[in-house]
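Everything on this sheet refers to the single structure shown next.
Numbering (my numbering), first residue to last: 2 to 348.
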């Protein structure tokens, strides 16, 4: 088996059939589907098994509890036979050549660690698909950073977890794709960091097309729950992959991050004060976990962090108004003075 496609389901009755019909209608045929029912309560997993269970390349796994995006994918990974691993959200439908183009990318793009599809998400303006984004020092997504060539190919930092492919050999003897503790959010950033620090490159292939509903599983979740995992995992990625000396340079960013989110939680209800506080408390009382994760990835680190910085952005905001542009200019000046050579300093 060449490719193992891992698809998670959590109460996805409205999405599973449409998604899997397009997956099984691929021009590329050498694949298996590992369908992980992640503690669903709506019988969606069993119904999906009845619809597709007779196929010899369909495997159904059931977890009694919701393991999250990380734990669910890790469970599927344990049972995978493929040389290549594909992660695909169940709230998607894919073009017939979706998988063929992903495989082509991982096999032919120079030193490819991960290749992501062109994921067209409902509600995202068209202009944001003209370039690929990155993340800043706070782990927030910043749009329109990396160009895409006329063939739809582009080197990127962040390979989004809605649809991506990587070689199983990328993980070596690791028994998991992600730390289970992440549960959800920023786990694709973790994998993108892992690939780059291991000496590989991440790519976008616009010929592999996916149509994505977006946040189908989490849209009913409460804000404190969402903010807790978002905030914690964004910062956790930097604490795991970067040297502690680097974090000293990020202190102004962390202060700005906490103060701004506290203000927004009080006046705009964009953030949950409870979720933000809980995230930072968790980070402060779990140094042992962080040290263990740093030790796990240490054998895979092949390049210095300075070579990864050039894929990140010093922008704090997307720059959609005057205030955001001013803050971005201040951040650029700070990076210039301190030697934090992000993508903006590439020649």
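Glycine residues also receive a C-beta, built at the ideal position from the N, C-alpha and C atoms. These figures come from a predicted structure and were not determined experimentally.
Range of the contiguous alpha helix (DSSP H) that encloses residue i
i           : result
residue 231 : 224-242
residue 261 : 252-268
residue 286 : 274-286
residue 304 : Segment: none, residue 304 is in no alpha helix (DSSP H) and carries neither H nor E.
residue 336 : 323-339
residue 49  : 45-53
residue 22  : 17-24
Buried or exposed by the 16-neighbour rule on C-beta atoms within 10 Å, applied to residue i
i           : result
residue 299 : exposed
residue 150 : exposed
residue 288 : exposed
residue 140 : buried
residue 197 : buried
residue 245 : exposed
residue 15  : exposed
residue 308 : exposed
residue 340 : exposed
residue 270 : exposed
residue 285 : exposed
residue 180 : buried
residue 22  : exposed
residue 104 : buried
residue 188 : buried
residue 321 : exposed
residue 264 : exposed
residue 316 : buried
residue 338 : exposed
Boundaries of the beta strand (DSSP E) in which residue i is found, first to last residue
i           : result
residue 132 : 132-136
residue 33  : 32-39
residue 4   : 4-10
Presumed contact (8 Å Cβ cut-off) between residue i and residue j, rounded CB distance
i           : j           : result
residue 5   : residue 64  : About 17 Å; that fails the 8 Å criterion.
residue 2   : residue 83  : 5 Å
residue 276 : residue 228 : 3 Å
residue 204 : residue 280 : Rounded, the Cβ-Cβ distance is 31 Å, inconsistent with contact.
residue 303 : residue 200 : 4 Å
residue 20  : residue 120 : So it is not a contact: roughly 13 Å between Cβ atoms.
residue 40  : residue 78  : No, residue 40 and residue 78 are not in contact; Cβ-Cβ is about 17 Å, not under 8 Å.
residue 169 : residue 86  : 6 Å
residue 138 : residue 251 : 5 Å
residue 160 : residue 115 : 4 Å
residue 206 : residue 118 : 7 Å
residue 76  : residue 89  : Their Cβ separation, rounded to whole angstroms, is 15 Å, which puts residue 76 and residue 89 out of contact at 8 Å.
residue 146 : residue 134 : 5 Å
Straight-line gap, residue i to residue j (C-alpha atoms, nearest Å)
i           : j           : result
residue 215 : residue 122 : 6 Å
residue 99  : residue 35  : 17 Å
residue 334 : residue 325 : 14 Å
residue 1   : residue 238 : Nothing can be reported for residue 1: it is not among the residues displayed for the chain, which extend from 2 to 348.
residue 144 : residue 177 : 29 Å
residue 212 : residue 54  : 24 Å
residue 210 : residue 101 : 11 Å
residue 236 : residue 136 : 11 Å
residue 92  : residue 9   : 10 Å
residue 25  : residue 318 : 40 Å
residue 342 : residue 314 : 9 Å
residue 192 : residue 29  : 25 Å
residue 71  : residue 230 : 12 Å
residue 282 : residue 232 : 11 Å
residue 51  : residue 44  : 11 Å
residue 297 : residue 73  : 20 Å
residue 27  : residue 33  : 12 Å
residue 247 : residue 254 : 12 Å
residue 194 : residue 242 : 7 Å
residue 1   : residue 7   : No statement about residue 1 is possible, as the shown extent of the chain runs from 2 to 348 and does not include it.
residue 347 : residue 132 : 16 Å
residue 223 : residue 249 : 33 Å
residue 47  : residue 60  : 12 Å
Residue i beta carbon near the ligand ZN (any heavy atom closer than 7 Å)
i           : result
residue 147 : The ligand ZN is not part of this structure, which contains no ligands at all.
Proximity test, Cβ basis, 8 Å: residue i and chain B
i          : result
residue 69 : The structure shown contains no chain B; it is built from a single protein chain.
Runs of alpha helix (DSSP H) lying entirely within the region 142-204, each at least 4 residues, in chain order: If we require 4 residues or more, the alpha helix (DSSP H) runs fully inside the region 142-204 come out as 188-198.
Alpha helix (DSSP H) runs contained entirely in the region 62-115, provided each spans 4 or more residues: Listed in chain order, they are 69-79 and 99-109.
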